[in-house]
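> These protein sequence lines map, in sequence, to chains P and L.
For any residue, its number in this note's numbering is found by taking its place in the first sequence, counting from 1, and adding 1106.
For any residue, its number in this note's numbering is found by taking its place in the second sequence, counting from 1, and adding 1106.
In this text, a Cβ means the ideal position worked out from N, Cα and C, and glycines have one as well.
Quick one: this structure, given as structure tokens, is what I'll be asking you about.
2 protein chains.
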Amino acid sequence: MKQINIKDQKKQRRSTGAVTLKDVAEIAGVAQITASRALNTPNLVSENVLNKVLHAVKQTGYVQNKIAGGLASSRSKLIAAIIPNFASSIFLETIDALNQTLVSSGYQLLLGQSNYSAEREESLLDEIIGRRPEGIFITGVLSSNDAKRKLIASNIPVVEAWDLTDHPIDMLVGFSHQNIGSSVASFLIGKEYKNLGVIQANDERAFRRSNAFIEVAIESGLEHVHVINVGDSRTVSSGKAAFCELLEQNPNIDGVFCSSDLLALGVLTQAQILKIDVPSQLGIIGFGDISLAKDTWPAMSTVRINSGQIGTISANLLIARAENQIVSDHIFDLGFTVVERQTTR
Amino acid sequence: MKQINIKDQKKQRRSTGAVTLKDVAEIAGVAQITASRALNTPNLVSENVLNKVLHAVKQTGYVQNKIAGGLASSRSKLIAAIIPNFASSIFLETIDALNQTLVSSGYQLLLGQSNYSAEREESLLDEIIGRRPEGIFITGVLSSNDAKRKLIASNIPVVEAWDLTDHPIDMLVGFSHQNIGSSVASFLIGKEYKNLGVIQANDERAFRRSNAFIEVAIESGLEHVHVINVGDSRTVSSGKAAFCELLEQNPNIDGVFCSSDLLALGVLTQAQILKIDVPSQLGIIGFGDISLAKDTWPAMSTVRINSGQIGTISANLLIARAENQIVSDHIFDLGFTVVERQTTR
DNA sequence: TTGAAAGCGCTAACAA
DNA sequence: TTGTTAGCGCTTTCAA
């Protein structure tokens, strides 16, 4: 039976109009999947086919659509990193190393910022999990328990970095903030500083460092340790102001532990303005060993952590998990070093 | 005719096993597309349906797969940013502002690093374009012409930031490096500094600033301006070393223009070590107005640019273009301010 | 306001 | 080594 079908319309979809793999395959005179193989696994394809396909790619300016590929293969080749913020550059060396390692294995970095309300944190996580990254790297702390639960439910490999928490979600690459606090206290006490103070940002990890610091100080028979909280302002000027405050509370302060090198630089600057000699009258020690710490005058004593290594190891862990390799060690304690320079005697 | 089809197997695909919209729809007792509407355009759906769907989402822990959604809708909700590197934090305030604005409109940031070979630059661009972002933000300069051509061919809206180039790819948000150079020269010359030097990183824009600087100096009848190139090391210690070099070339140097505040801080520190009085014997001016510039002692004179605003404006431009709004202004000159503090007399 | 069908552009699975 | 087919999980289009 013949049938004249005048209205044999299909549903029309706007497409992007971009060159697709199908176009490339047609021009090269091969099947679409063959073109796909030529681009993704060129060693599974004859040289002849490879050349034809590559030529067609050049000719058309084809750029692979990784969204479609990701959907088909369930491999997004995306790793997400969640950091508290960009401004506090303390994590950047880590992110830099992370990114370098990821890129060299063909992964791309999706960045999210977490310094939000619990509500915002959850929506950020929805955003990120929605992109189906093959791994998630977190430097901050998830404040919301729902967010944490969401992350676990997603079943995506996770590295929590910059810390050694008691109940890790999955993998852990960091160091002990508590040990840093006690080591720094012992260090200053060993130098016979007797009136200690702490200047710190409003940050849970800084609190763990300072609590351990205070504990050791008290155990050693020292007087009350004064603590100044500068809130979220980890700047040189906060350090200056905080040091003035500290002096008001105890004019005999002779040793200060700061939760960041910038704060420490503020203390140093203020001491110079007040003509307090560093390190004889005042010992200062920071945290982070940012690049300018060794170049202040006098050079800043501080605590160094292996920021870059944290990124590299984390990237390798996440890649290994993404590629279904067996990861035997889940927890990496990278330690720290108390760097003795000229702001302590 | 009856047919017993024992082997009616389909080709099996492993799926991720994650909850899909289909599952949610079934549980809610609606069609998949209705569930989709409930989540994306809830006002097009009855309250009853909305509640059923939301309940099913809660129950299953469903998280939307944006890869699939992106493929179907050709809207990735992704904006890519390409920066030279993470370490040189000068762009971070911009990226921070960019990200804030993007997130509040439901976009996600994909970050790429460009300080690579031309070859690497092209593959980075393939990576990025392959993800079909709806906009691309570039702070660096594309060294490869092929890369630039690729970007144009992709037809993705582009903002080039931190500069005003002569032949922009698309949109432009920045300031004139040339004008900065001449303004700083006039500024120092107006203060009667007579033996000028420049310390700069190996960076095309820094060169444009210093060339303009030198031109004005020569026009004003000054002697040869000495230039020290510190390569890629924009650190305080490079600044210290470079200032020593500068003094060797001309012991009478009394004014230095640095291509970054950190370099300037190095000069200041070295001057203090050498007991050279700032600003009477030596004027120093930096670039960037990083947060600690106002807190050095003496406080650093520098050039401020509107880093945050660059990010905000760029984000809004890219979002507007992604949403097919008309963008009338394509070029934004945000200007700069010479900030006079205490390192210049 | 809701739904059925088709298809976004690619790759996994199977077949030859 | 190459090809056929059937999806990946969603949204668009069209229809009711």
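#1: Residues of chain P with CB closer than 9 Å to the CB of Leu1215 (chain L), please, in chain order.
#2: Verify the CB distance criterion: does Lys1172 (chain L) have a CB-CB separation below 8 Å to chain P?
#3: What is the C-beta distance between Ile1173 (chain P) and Leu1208 (chain P), in whole angstroms, given that I count them as a contact (C-beta under 8 Å)?
#4: Express the C-alpha separation of Glu1233 (chain L) and Thr1418 (chain P) in angstroms, rounding to a whole number.
#5: Arg1237 (chain L) CB to nearest chain P CB: under 8 Å?
#6: Could you check which residue in P:Gln1415, P:Leu1369 and P:Asp1435 has the C-alpha nearest to that of Ala1407 (chain P)?
#7: May I have the straight-line CA-CA distance separating Ser1292 (chain P) from Val1342 (chain P), to the nearest angstrom?
#8: Taking 8 Å as the threshold (C-beta atoms), are Ile1334 (chain L) and Leu1353 (chain L) in contact?
#9: Where DSSP assigns a beta bridge to Gln1306 (chain P), which residues make up the other side?
#10: How is Asp1202 (chain L) classed by DSSP in three states: helix, strand or coil?
#11: Which of the three DSSP states, helix, strand or coil, is assigned to Gly1296 (chain P)?
#12: Anything in chain P within Cβ reach of Trp1403 (chain L), meaning under 8 Å, just list it in chain order.
#13: Anyone know if the C-beta pair for Gly1337 (chain L) and Val1373 (chain L) falls short of 8 Å?
#14: Give me the chain L residues within the contact set of Leu1518 (chain P), using Cβ-Cβ distance strictly less than 8 Å, ordered along the chain.
#15: Would Glu1233 (chain L) count as contacting chain P if we go by Cβ distances under 8 Å?
#16: Helix, strand or coil, according to DSSP, for Ala1124 (chain P) in the structure here?
#17: Taking just the CA atoms, how far does Gln1138 (chain P) sit from Glu1132 (chain P)?
#18: Under 8 Å between C-beta atoms, does Ile1334 (chain L) make it to chain P?
#19: So Ser1182 (chain P) contacts chain L; which residues on that side make the cut at Cβ distance below 7 Å?
#20: Whole angstroms is fine: what's the gap from Ile1379 (chain P)'s alpha carbon to Ala1348 (chain P)'s?
#21: Drop a sphere of 10 angstroms on the beta-carbon of Asp1439 (chain L), count the other beta-carbons inside from all chains shown, and report buried for 16 or more, exposed for fewer.
#22: If you count every other CB in all the chains shown that lies within 10 Å of the CB of Asn1111 (chain P), and 16 or more means buried, which is it?
#23: Mind pulling the alpha helix (DSSP H) runs of 4 or more residues that sit fully within the region 1367 to 1433 of chain P?
#24: Considering only DSSP beta bridges, list what Gly1280 (chain L) is partnered with.
#25: Does the separation of the CB atoms of Leu1257 (chain P) and Val1264 (chain P) fall below 8 Å?
#26: Pick helix, strand or coil for Phe1313 (chain P), following the three-state DSSP scheme.
#27: Can you name, in chain order, every residue of its own chain whose Cβ lies under 6 Å from the Cβ of Trp1403 (chain L), other than the five neighbours on each side?
#28: State the Cα-Cα distance for the pair Ser1454 (chain L) and Leu1424 (chain L), rounded to the nearest angstrom.
#29: For Asn1149 (chain L), count neighbouring C-beta atoms within 10 Å of its own C-beta (all shown protein chains included) and say buried if the count is 16 or more, exposed if not.
#30: Please confirm whether Asp1202 (chain P) has its beta-carbon closer than 8 Å to some beta-carbon of chain L.
#31: Between Lys1113 (chain L) and Ala1259 (chain P), what straight-line distance do the alpha-carbon atoms span, to the nearest angstrom?
#32: Val1247 (chain L) touches chain P at which residues, Cβ-Cβ below 8 Å?
#33: Report the three-state DSSP secondary structure of Gln1219 (chain L) (helix, strand or coil).
#34: When Cβ atoms are compared, which residues of the region 1258 to 1287 of chain L fall closer than 9 Å to chain P?
#35: Does Lys1116 (chain L) have its Cβ less than 8 Å from a Cβ in chain P?
With the given structure in hand:
#1: By Cβ distance, chain P contributes Leu1216, Leu1217, Gly1218 and Gln1219.
#2: Lys1172 (chain L) has a beta carbon lying within less than 8 Å of a beta carbon in chain P.
#3: That pair is no contact at about 19 Å.
#4: Straight-line spacing of the CA atoms in Thr1418 (chain P) and Glu1233 (chain L) works out to 21 Å.
#5: Arg1237 (chain L) counts as touching chain P.
#6: At residue 1407 (chain P) the sequence reads Ser, which differs from the Ala that was named. Taking only the C-alpha atoms, the option nearest Ser1407 (chain P) is P:Leu1369.
#7: 26 Å
#8: no
#9: Gln1306 (chain P) pairs with P:Asn1335.
#10: helix
#11: helix
#12: Thr1375, Gln1378 and Ile1379
#13: no
#14: Chain P is shown only over 1107 to 1451; residue 1518 (chain P) falls outside these bounds and no answer can be derived.
#15: yes
#16: coil
#17: 8 Å
#18: Answer no: the Cβ-Cβ gap between Ile1334 (chain L) and chain P never drops below 8 Å.
#19: Neighbours of Ser1182 (chain P) in chain L, taken as residues at a C-beta separation under 7 Å, are given in chain order as Ile1173.
#20: 14 Å
#21: exposed
#22: Here Asn1111 (chain P) scores only 35 on pLDDT, less than 50, and its place in the model should not be relied on; the value that follows carries that caveat. Exposed, because fewer than 16 other Cβ atoms sit within 10 Å of the Cβ of Asn1111 (chain P).
#23: 1367 to 1379 and 1413 to 1428
#24: L:Asp1439
#25: With contacts defined by Cβ atoms closer than 8 Å, Leu1257 (chain P) and Val1264 (chain P) form a contacting pair.
#26: Three-state DSSP puts Phe1313 (chain P) in a helix.
#27: none
#28: Only positions 1107 to 1451 of chain L appear in this structure, which leaves residue 1454 (chain L) out of reach.
#29: exposed
#30: yes
#31: Because the pLDDT of Lys1113 (chain L) is 34, which lies under 50, any placement of that residue in the model is unreliable, and the number read from its coordinates should be weighed accordingly. Going from the Cα of Lys1113 (chain L) to the Cα of Ala1259 (chain P) covers about 36 Å.
#32: Here the premise fails: no neighbours, minimum Cβ distance about 19 Å.
#33: strand
#34: Ala1259, Ser1260 and Asn1261
#35: No answer about Lys1116 (chain L) holds up, because its pLDDT of 46 lies below 50 and its placement is not dependable.
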